[in-house]
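Numbering (my numbering), first residue to last: 22 to 219. Report on the following structure.
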């Protein structure tokens, strides 16, 4: 096997080349295996590359229904964000066959299922409080101090407070918090599953 796959990792890997015994990763996009290998051998500024040895892979996991993230454990964990479901399925099937890994479906822990929504709820509460305080100052005829290191954020919060007012801020904050609470309850009632290969 000598197949190339585009990756969508935010700040790291852009292309993967799956060979018989290893997966080569690089932080630039390539369309052909020849171009990939030529660039992989060259040294370059800002070029990141890595190798995952297929015989060293002990486990893999990915979300059962949605999500294109394949987490591979070969000594250390490496997360690959694929561009398409078929690419992820092809790579995971090849590795599972090469390593004789069996797949099983497991439930994600409840905390892990609700942690993004919980984080969103905390940020919503914090931003609502800050904007509400700015709105109260503006409504009472005062001026919000928008100078300092984070003046851009302070200006944004003061502008939102002036546009929404104290009541509008509370309504918007309540709506955003309600959405977060909905996703927390949904995650607690029905946590998502993941496919684990061992």
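Every residue, glycine too, gets a C-beta built ideally from N, C-alpha and C.
query                                                                                                               : result
Terminal residues of the alpha helix (DSSP H) in which residue 202 lies                                             : 172 to 210
The region 196 to 204 touching the region 138 to 150, judged by at least three CB pairs closer than 8 Å             : yes
Assumed close pair residue 78, residue 116 - CB separation to whole angstroms, cut-off 8 Å                          : 6 Å
Own chain partners of residue 35 with C-beta closer than 6 Å, once the 5 adjacent residues on each side are dropped : 28, 48, 49, 50
Residue 217 beta carbon less than 8 Å from that of residue 125                                                      : yes
Identity of the residues DSSP links to residue 124 by a beta bridge                                                 : 218
Alpha carbon of residue 164 to alpha carbon of residue 53, nearest angstrom                                         : 59 Å
Buried or exposed (CB count within 10 angstroms, at least 16 for buried), residue 81                                : buried
Alpha-carbon spacing of residue 32 relative to residue 210, whole angstroms                                         : 33 Å
Three-state class that DSSP yields for residue 112 in the structure shown                                           : helix
Selection from 42, 74, 75, 37 that minimises the alpha carbon distance to residue 61                                : 37
Nearest candidate by alpha-carbon position, reference residue 185, set 64, 152, 148                                 : 152
Cβ separation of residue 194 and residue 156, assumed to be a contact under 8 Å, to the nearest whole Å             : About 11 Å; that fails the 8 Å criterion.
Selection from 75, 84, 113, 42 that minimises the alpha carbon distance to residue 97                               : 75
First and last residue of the uninterrupted beta strand (DSSP E) at residue 95                                      : 90 to 95
Member of 121, 103, 44 whose CA lies at the smallest distance from the CA of residue 219                            : 121
Local Cβ density within 10 Å of residue 178, reported as buried at 16 or more and exposed below that                : buried
Closest by C-alpha distance to residue 190, when choosing among 160, 84, 58                                         : 160
Distance between residue 192 and residue 147 (C-alpha atoms, nearest Å)                                             : 14 Å
Whole-angstrom distance between residue 188 and residue 171, CA atom to CA atom                                     : 25 Å
Segment limits, beta strand (DSSP E) that includes residue 44                                                       : 43 to 47
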